[in-house]
Amino acid sequence: MPPFARRSKVGGRGEPPTVGKTSGIDVQALGLGVCGLVYAGWYTAQAWSLLRHGPWYQSPGLFPTLVGVSLLLLFGLFGARGLLRGRVRGKGMPVATSGSEEVLARGAAVGGKGPALFTALSGVYVLLMPVFGFLLVTPLYTLTVLWLCGIERRWGWALAWGGGVSLALYGLFHLVFRVPLPGIGG
Amino acid sequence: MSEALHALLRVVDLGTLAHLVLGVALGLVGGALPGVTITLTLALLLPFTFYVSPEAALALLLGAYVAGFTGGAFSAITLNIPGTPSAAGTAIDGYPLARKGEADWALFLVVAASFLGGLVGWTALVLFTPIVAGFALRFGPPEIATLVLSALTLVIVFSSGDLVKGLLSAALGASFAMVGLDPLSGVPRYTLGRLELQDGIPFLVALIGLFAYPPLLLAVGARADVFVPSVAFRLSRLLRRVFSWVLLKVIAVSSLLGVLVGAIPGTGGPIAVFLAYGAVRRFIPVERRRLLGQGAEEGVAACEAANSAVAPGAMMPLITLGIPGDPVTAILLGALIIHGLAPGPLFFQNHRDFVFEIFALLFMAIVATALMALVGARALLLALRVPQAYLVSLIAVLVTLGTYSIRNSFFDVGMALGFGLLGYILLRQGFSLIPLLLALILFEPLERNFRLGLTLSGGDLSIFVTRPLALLFLVIACLAFVLSLRNERIRAARSRS
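Line by line, the protein sequences are chains Y and X. Residues in the first sequence are numbered consecutively from 2, following our numbering. Residues in the second sequence are numbered consecutively from 348, following our numbering.
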């Protein structure tokens, strides 16, 4: 079993996160606020360089400047809130949602290394595919994702699943839809 | 109505029907599987629509869209885990009803209420779309700019529990919308010297990244296989049960609420469902009212009718104004654009036949969903037993392939992954991703029409307040914003006390 795929101590499946308990500085919100400010600063600086002489409303830098300044203000406000208010667990859940929010609520305490490893793995998969080809990289990717999800036994079945998925999707996209996928060896 | 029936005859061909049936089947399964959601199902299906006719593409997507709502209720009733956000309301009474040994009746109610709700929504769509479309023909750049602004404001207000987070999400989306060549002067903005970014960030890439990767990232750590109870689903017995007059009234009122809410950008299923659930108390006898939350069939019917009427309602602003109200209609917009059919104020006038084909396909999707959900109920319950690990691995590869096939570009796949990570971080902070996506889509027309309007007036900003329709849209935007600020203050005061 992958070390990060353990059950959470706080809340169980189908149990929403607790609302209302605060604790010190919200480091994550503060971090997001600081990163956002860096992005907003760069964005606004670029927007300034786009401002041109002539009628103000025809300048390509008009809207980017407005957006950049809004980002600076909003990220500043968001970061300050993280610093002053502390973390309010479960608060701020959107009213209308796309579905991911509920998934997040159910697995709020999951976190851990799983998502980070999955992102890194998917990045490596995208980088390796043009080099080694779809048919070689995809079974390995599928197998690793299965391991990340906690498949501990039935490795033969998992291997067959990885191979089957790769072949079926290659056939569908490459042969039927004519999508130029790198086969084997890029 | 007769034009819709003629269009129905035009779209009845084997290929389109096969796509519709496939879409409905996948929508039912995708909606039922917890964590997959309708948005993810449609995002996964989108790449397959690039290679078929516009009718077949829409048949596939509309089938999955309509069926996804019904599918979501299956896991809500049997497992108390809503397959889609909108099914959360259904679980309130559906699960207790199932625990009383009436799971089959609850599922039958879901299908029947969804069907009737869908039909009410469809009728409203067919009747009102030509009226709204005629109205939209009067729009010039100032009206379009203010309309988009008010739509964006509504999205921010309705989709975020927190105004700052809603505004920040929209501002981030707007910042991504600025990437590419300036629509009026052609000056490159934020392209980082990359050719791939000259045409801007393709919103389908952002959409797949934002709405497909975060559920995968969460599922990787969750290891959430579930026990599915067996449900005896005997159709012959269920068909003999009669719907009471009260139940029919509940369905009618909830459906109308669903259409209305669906037509407002940024609202969607969950809001419609909980509004209908609140309204249902007024229409049922006191003794039934006490049963709400403990297995009242009126609760299930209200939620499902409202839920299913949302889809036709949400199609109205998309068809008449080109404004998607949620990620699913944004996917439909993407599918239409890829086939050279960009919805907007002139869409109804220029592609009248196709609009009626959309109506016909939506009607067929509603009927097919009801039939397939009834016939395939047992198979659908079996699908819930698929181990999540296999599902995650399959979806992960499909998401990669789907993004790649938009422009045959690995750069796009990397970009989608980046958006996925951003979406995950924002979700963990309690942000809604809907304002981000819709700002990414709508900011380009907002900027273009705002600047065109000012060019028309020689830089005079009063053009946005002297034209009655533009003024009306501005007032709506301001009102929504002020009310949201007021609600925020009330909420803050309550949490302090």
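Quick reminder that beta carbons are idealized off the backbone N, C-alpha and C, glycines included.
Per the coordinates, the alpha-carbon of alanine 743 of chain X lies some 11 Å from the alpha-carbon of isoleucine 555 of chain X. No residue range can be given for lysine 447 of chain X, since it is assigned to no alpha helix (DSSP H) and is classified by DSSP as neither H nor E.
The count of Cβ pairs closer than 8 Å, one atom from the region 605-625 of chain X and one from the region 647-662 of chain X, reaches three, so the stretches are in contact.
Between glycine 468 of chain X and alanine 658 of chain X, the C-beta gap is smaller than 8 Å, which places the two residues in contact. Residues Glu644, Val647, Ala648 of the same chain have their beta carbon placed closer than 6 Å to that of leucine 456 of chain X, with the five preceding and five following residues left out of the count. Tyrosine 771 of chain X: member of the alpha helix (DSSP H) spanning 757-775, first to last residue.
Taking leucine 355 of chain X as reference, the option from X:Glu704, X:Ala404, X:Leu745 with the minimal CA-CA separation is X:Glu704.
Interface criterion not met: the Cβ of threonine 66 of chain Y is under 8 Å from no Cβ in chain X. Serine 756 of chain X and glycine 83 of chain Y have their alpha carbons spaced roughly 38 Å apart. As the crow flies, the alpha-carbon of threonine 145 of chain Y is around 11 Å from that of tyrosine 737 of chain X.
Comparing alpha-carbon positions, the option among X:Trp452, X:Gly448, X:Ala420 lying closest to isoleucine 439 of chain X turns out to be X:Ala420. The beta-bridge partner set that DSSP reports for glycine 527 of chain X consists of X:Arg536. Taken through DSSP and simplified to helix, strand or coil, leucine 808 of chain X comes out as coil. In this structure the region 466-481 of chain X does not touch the region 678-689 of chain X; the number of beta carbon pairs closer than 8 Å is below three. DSSP places glutamine 59 of chain Y within a helical segment (H, G or I) once states are collapsed to three. Between the C-alpha atoms of isoleucine 666 of chain X and phenylalanine 694 of chain X there is a straight-line separation of about 7 Å. The region 715-735 of chain X makes no contact with the region 505-517 of chain X, as fewer than three CB pairs between them are under 8 Å. Distance between alanine 403 of chain X and tyrosine 142 of chain Y, taken at the CA atoms: about 32 Å. Of all alpha-carbon atoms in Y:Tyr126, Y:Gly80, Y:Ala48, Y:Leu31, the one lying nearest the alpha-carbon of proline 140 of chain Y is that of Y:Tyr126.
DSSP places cysteine 150 of chain Y in the coil class of the three-state scheme, outside both helix and strand. Annotated three-state conformation of proline 477 of chain X is helix, per DSSP.
Here proline 131 of chain Y is exposed. Its C-beta has fewer than 16 other C-beta atoms within 10 Å. With contacts defined as CB atoms closer than 8 Å, isoleucine 753 of chain X and leucine 551 of chain X qualify as a contacting pair. Proline 65 of chain Y sits close to methionine 525 of chain X, with the two beta carbons spaced by under 8 Å. With the criterion set as a beta carbon lying under 7 Å from some beta carbon of chain Y, the region 589-609 of chain X has no members that meet it. Per DSSP, the unbroken alpha helix (DSSP H) holding arginine 833 of chain X starts and ends at 815-843. The Cβ atoms of isoleucine 491 of chain X and alanine 453 of chain X do not sit closer than 8 Å to each other.
Three or more Cβ pairs closer than 8 Å define a contact, and the region 160-176 of chain Y falls short of that threshold against the region 357-367 of chain X. From the listed residues Y:Ile26, Y:Pro61, Y:Leu182, the smallest Cα separation to phenylalanine 79 of chain Y is found for Y:Ile26. Alanine 720 of chain X sits in a helix when the DSSP states are folded into three classes.
Around the beta-carbon of serine 497 of chain X, 16 or more other beta-carbon atoms lie within 10 Å, marking it buried. Residues of chain X with a Cβ closer than 7 Å to the Cβ of leucine 33 of chain Y are, in chain order, Ile772, Gln776.
Interface flag for tryptophan 162 of chain Y against chain X is set, since a Cβ pair is found closer than 8 Å. Valine 399 of chain X: not part of any alpha helix (DSSP H); DSSP gives it neither H nor E.
Per DSSP, reduced to three states, the secondary structure at leucine 638 of chain X is coil, with no helix or strand assignment. At a cut-off of 8 Å between C-beta atoms, glutamine 545 of chain X does not count as an interface residue with respect to chain Y.
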